[in-house]
Amino acid sequence: MGGKLGVCITQRDQKDSFDDVRSDQPKRETSRARGRQAKTNGVPAKRCVDAPSDVSTRRPSTASDESKKDALNRENFILSHSGTLTDSFILHKKVGRGTYGSVCKATSRTTGQVRAIKAVSKSHVKNLARFRTEIDIMKSLDHPNIIKLYETFEDARNIYIVMELCTGGELFDRIIEQEKFTERDAARIMKQILSALAYCHANGIMHRDLKPENFLFMSKEPDSPLKVIDFGLSCKFEHGQARGTKAGTPYYVAPQVLLGHYTEAADMWSCGVIMYVLLCGYPPFSGETDAEVLAKVKLGKYSFHPQDWRHVSDEAKDIIRKLLALNPRDRHTAAQALQHPWIVQSTVMDSRYEVTLTEGIINNLRQFRAQHRLKKAALTVIAHHLSEQDIVELKNIFIALDKDNSGTLTYDEIVEGMRAMGWEEFPPDLEEVFNEVDSDRSGQIDYTEFIAATIDKTKYLSEDVCWAAFRVFDLDGDGKISPLELKKALGSPDMKDEIGATVDAIIRDVDKNGDGEIDFEEFVQMMRRAPEVDQGRPRKLPSTQSSGLAPVPPEMMTIQGHTATSHTSTSPRNKKPSARSAAGDSNASARSISTAPSPGEKGERERDWHGWEAGVTVG
């Protein structure tokens, strides 16, 4: 098999339902590898219509109608480009190939950040609209354990999905290497899976193809974070409404899916199978053919063989029973499973989350509140694009505060977390700060919202980082952000005329040369300018004695600034002007950005691109 980066390249790029899949039987693997099989085939099914694409995937908001008008939509910042991919990325060798395309490692020409790019041939995709729905679902998800989608490109032949780079391999591969996990390691993995799933279900997303192949580790480290990938079979759903499309993988599919009438509880069955495999190394339902496996799945009968399960705790077996309950009404939800004693007790001593909220982080939250909409939006873009290493401490604080492991923070969770971390007095403006950090007005603070509001300013002082954010708002790539572009990026259907006044105020504040637009120099000045903040009354620092949690010194929370190498392109979309060189010349930015590539440079780019498609190492 080829390598796996950001996506599971051993699986179909565009998944088939049971109705469509070919009837050829895959070659069987032995004992501990039997969980890895092709899609279920040969099962007749009645197809149901997916929920309309405009069905909301957000939780019901507790914010007022007035505050919702000022909401930021993070999905607006995940752009779809029609330009040439090689203008933005240096492509390295192809690391694998799926049924409908390739996976390539690539480096951003502007920031030096390394990504995984999945190229999908449009001619090979049976249902292009369904594939675009998969992309829309990925755009809507924001969780520490779900793969990040950064942007997409499209040309006449392919769609290119730019995603987070995961170098640690599949969960399946680690199962093969280790055969089985300790209960503590299995609990750490299951907690991440269940947290991601609780978030998806709360936001109306059913994955429908959970299996060890669809989880990637960020790195080779033993305690590497886990990421859910491959939303090719996922769908939007309304709570209480059953689905009928038969989709999934034999060993992990729920009995109700085979019957053509199921809810999100089908995902929980898959979690039970995964946990069973983690603890013993083989699936609870096995057979020499797909038909044999599916027959056993329908019956739902399994056992804990004493030879393999005698050393496994009763608590672990209990949660498996609750996840593999044949009646979906008796099956644990993701939220219930996260509160099971086995999960709670096995992960409570995880030292990574022995953290605290420092005064510096609270002040960062307060400063975020004082920023105008454009800077908040820019910080959201930057937070989304920062690497896992850049935000590891802030991520751990977020997870520590997220007591119900839902992937979002409520006001009560923040108060409870601060109290547990030793705060004896709370900032008087804490609730107001919370409401401002909740920039999409969902009623909770999402993962990227929290990172955006707490990152230290050293993270976004670099011109490379500022440029990566600037290009998200400069939609036509002319080197300036126009009022119309701001309206498109910052607006929402609820805002209507209000966005015009907001944009006018931003232009007046940021546009220093009076041309009615924001160039890169002005954008950088905005990012580097500190807002005036009311610090409130004095507050007591956290006491580590009252919580037993180790404090994190402020300097530990200030992660080193971005030092990525800039790979400057001559493309209008990507050539970054220097804020320093542009000083004193209001047109310098526009002139440098509008420089077209020379014929020789363009030809070299085209050779690189076609070389990748042919499987030749480039870059």
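Just so it is clear: in the sequence shown, position 19 is 19 by full-length UniProt numbering, and no numbers are missing. The C-beta atom is built at its ideal place from N, Cα and C for all residues, glycine as well.
- A check of alpha carbon separations from His239 across Cys200, Glu436, Pro222 and Val257 identifies Cys200 as the nearest.
- Taking C-beta separations shorter than 7 Å and ignoring five residues to either side along the sequence, the partners of Glu75 in its chain run Lys139 and Ser140, following chain order.
- For the set Ile159, Asp173 and Gly169, the Cα lying nearest the Cα of Lys122 is the one of Ile159.
- Here Asp519 carries a strand assignment [DSSP, helix/strand/coil].
- Under the DSSP assignment, Ala337 falls in the alpha helix (DSSP H) whose first and last residues are Ala334 to Leu338.
- Relative to the Cα of Cys235, the nearest Cα in the group Leu374, Glu359, Ala129 and Ile90 belongs to Ala129.
- Classified as exposed, His261 has fewer than 16 neighbouring CB atoms from the shown chains inside 10 Å of its CB.
- At a Cβ-Cβ threshold of 8 Å, Gln192 and Ser387 do not count as neighbours.
- Across the set Phe285, Thr347 and Pro144, the C-alpha of Phe285 shows the shortest separation from the C-alpha of Pro255.
- Put simply, the backbone Cα of Val381 is about 16 Å away from that of His81.
- Glu522 and Val503 do not touch by the CB rule: their CB atoms are close to 15 Å apart, not below 8 Å.
- Rounded to whole angstroms, the separation of the alpha carbons of Phe398 and Phe473 is 28 Å.
- The Cβ atoms of Ile319 and His340 lie closer than 8 Å to each other.
- Comparing alpha carbon positions, the residue from Pro283, Thr454, Asp438 and Leu461 closest to Gly360 is Thr454.
- Checking the DSSP bridge columns, you'll see Lys480 partnered with Asp519.
- Secondary structure at Asp446: strand, using DSSP grouped into helix, strand and coil.
- Going by beta carbons, Thr107 and Ile90 fall inside the 8 Å limit.
- By a beta-carbon distance limit of 8 Å, Phe77 contacts Ala377. Their separation comes to about 7 Å.
- CA-to-CA, the gap between Gly83 and Ile161 works out to about 13 Å.
- Secondary structure at Val277: helix, using DSSP grouped into helix, strand and coil.
- Around the beta carbon of Asp412, a 10 Å sphere encloses fewer than 16 other beta carbons of the protein chains shown; the residue is thus reported as exposed.
- Restricting attention to alpha helix (DSSP H) runs no shorter than 4 residues, the region 243-297 encloses them at 255-259 and 265-280, ordered along the chain.
- Spanning the alpha carbons of Ala247 and Phe450 requires a straight line of approximately 35 Å.
- Counting every other CB atom within 10 Å of its CB across the protein chains shown gives Arg508 a total below 16, marking it as exposed.
- Rounded to the nearest whole angstrom, the C-alpha separation of Leu299 and Val253 is 12 Å.
- For Ile445 against Leu409, the beta-carbon gap comes to about 4 Å, under 8 Å, which counts as contact.
- Bridge pairing for Ser80: Thr152 [DSSP].
- A straight line joining the alpha-carbon of Glu517 with that of Val95 spans about 42 Å.
- Judged by DSSP in its simplified three-state form, Lys191 adopts helix.
- Counting C-beta atoms within 10 angstroms of its own C-beta, Glu436 has 16 or more neighbours from the protein chains shown and is therefore classed as buried.
- For Lys322, the CB contacts under 6 Å within the same chain, skipping 5 residues up- and downstream, are His332 in chain order.
- In the DSSP assignment, Met163 falls within the unbroken beta strand (DSSP E) covering Asn158 to Met163.
- Within the same chain, Cβ atoms closer than 6 Å to the Cβ of Ser482 are found at Glu517, the five residues on either side in sequence being excluded.
- Glu436 carries a helical assignment under DSSP once its states are collapsed to helix, strand and coil.
- Assignment of Arg529 by DSSP, reduced to helix, strand and coil, places it in the coil class.
- Counting every other CB atom within 10 Å of its CB across the protein chains shown gives Ala468 a total of 16 or more, marking it as buried.
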